[in-house]
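>
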Amino acid sequence: MTLQKFPLTEGEADFHVEGAGKPCKTNFHNGGMLDFAPSSSSTAVPVSHNYLLPIRHLALHGIPVIFYDQLGCGLSTHLPHLSNTTREKFWTVDLFKSELSNLVKHLNLESYDVLGNSWGGMLGASTPSPNPRDSTNSSSRILLLLPKNVEEHSKSTKKAEQPTPPTLAKDNTVYLSMNGPSEFFVIGTLKSWNIIHEIHKIKVPTLLLNGKYDEAQDEVMEPFFKNIEKVKWFRFAESSHMPQVE
Numbered sequence: 001m002t003l004q005k006f007p008l009t010e011g012e013a014d015f016h017v018e019g020a021g022k023p024c025k026t027n028f029h030n031g032g033m034l035d036f037a038p039s040s041s042s043t044a045v046p047v048s049h050n051y052l053l054p055i056r057h058l059a060l061h062g063i064p065v066i067f068y069d070q071l072g073c074g075l076s077t078h079l080p081h082l083s084n085t086t087r088e089k090f091w092t093v094d095l096f097k098s099e100l101s102n103l104v105k106h107l108n109l110e111s112y113d114v115l116g117n118s119w120g121g122m123l124g125a126s127t128p129s130p131n132p133r134d135s136t137n138s139s140s141r142i143l144l145l146l147p148k149n150v151e152e153h154s155k156s157t158k159k160a161e162q163p164t165p166p167t168l169a170k171d172n173t174v175y176l177s178m179n180g181p182s183e184f185f186v187i188g189t190l191k192s193w194n195i196i197h198e199i200h201k202i203k204v205p206t207l208l209l210n211g212k213y214d215e216a217q218d219e220v221m222e223p224f225f226k227n228i229e230k231v232k233w234f235r236f237a238e239s240s241h242m243p244q245v246e
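If you use full-length UniProt numbering, the sequence shown corresponds to residues 1 to 246, in order.
Pasting the structure below:
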């Protein structure tokens, strides 16, 4: 059996967003039959679903996978007119929690797993609770382990000395609004994200994944491991932030 047996079916879900100024849609791709509990994949801030496509292999084991592009990225509706000047009111964790809930309703899913990478993991952890963990110190520690030229480049992004990659320059609204100029200089709405006191509210079975060279170092994972009722934790020995690609 090959992946050709499970072609990706593309669709769109209407998503009403107060203050968006125009109709919005969430683009999604479904791989596999939805007769079984699917895994819905959520991405980095914001990145289209493409880099998560290796997870599509779950379909070979009878687990359908739904990929979706979050609002403001990929094939979903873009809102460049809502720049970082309005970020505190618009580009919030609650917005993307609502989008996920809307997609689940659109697909009539009664049972599903959320597989989130990077920001997607933060979103998944936030979904059962009303409040959106700051990993800035962990990121800084990783930075010290990087080659000097990488460290120098990351510092330069704080000063915007490097030209923005063309693909990002087309629409960097969400990344700048929620994150900032780089992974090591978070000044957006996620700067104060902290869910430590809400983790105990997560009652669903949870699998934690990180890598030896990950931004999400072990001290970031430990509160989740200690406070979630039913949890397993696996660390990839030679991976960083995207083990599915590596």
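No residue lacks a Cβ here, since even glycine has one placed at the ideal position from N, Cα and C.
Could you give the residue range of the alpha helix (DSSP H) that holds residue 102?
Note, residue 102: alpha helix (DSSP H), 93-106.
> Between the Cα of residue 99 and the Cα atoms of 244, 27 and 195, which residue gives the shortest distance?
The candidate whose alpha carbon is nearest that of residue 99 is 27.
> Along the chain, where does the beta strand (DSSP E) containing residue 206 start, and where does it finish?
First-last of the beta strand (DSSP E) with residue 206: 206-211.
> Quick one: Cα of residue 67 to Cα of residue 52, how far?
Their Cα atoms are separated by approximately 8 angstroms.
> In chain order, what residues of the same chain lie with their CB nearer than 6 angstroms to the CB of residue 9, ignoring the 5 residues before and after it?
If we look at residue 9 and ignore the five residues flanking it on each side, its Cβ neighbours are 30.
> Under three-state DSSP, which class holds residue 66?
Of the three classes helix, strand and coil, the one that applies to residue 66 here is strand, per DSSP.
> Name the DSSP beta bridge partners of residue 14, please?
Paired residue(s): 25.
> With residue 76 and residue 25 assumed to form a contact (beta carbons below 8 angstroms), what rounded beta-carbon distance in angstroms separates them?
Their Cβ separation, rounded to whole angstroms, is 6 angstroms, which keeps residue 76 and residue 25 in contact under 8 angstroms.
> When you compare only the Cα positions, how much space is there between residue 81 and residue 192?
Using only the alpha carbons, I get a separation of about 24 angstroms.
> Alpha carbon to alpha carbon, what distance is there between residue 208 and residue 173?
Using only the alpha carbons, I get a separation of about 29 angstroms.
> Just the C-alpha distance for residue 72 and residue 18, rounded to the nearest angstrom, thanks.
Distance between the alpha carbons of residue 72 and residue 18: 15 angstroms.
> Whether or not the stretch 87-98 and the stretch 175-190 are in contact is what I'm after, with contact meaning three or more pairs of Cβ atoms, one per stretch, closer than 8 angstroms; do they touch?
Contact holds: three or more Cβ-Cβ distances are below 8 angstroms.
> Just to confirm my understanding: we take residue 13, look at its own chain, exclude 5 residues before and 5 after, and list those with CB closer than 7 angstroms. What are they?
Around residue 13: 25, 26, 28, 102, 103 and 106.
> So the beta strand (DSSP E) residue 114 belongs to, where does it begin and stop?
Unbroken beta strand (DSSP E) run through residue 114: 113-116.
> Could you tell me the alpha carbon to alpha carbon distance between residue 7 and residue 110, rounded to whole angstroms?
Distance between the alpha carbons of residue 7 and residue 110 is about 23 angstroms.
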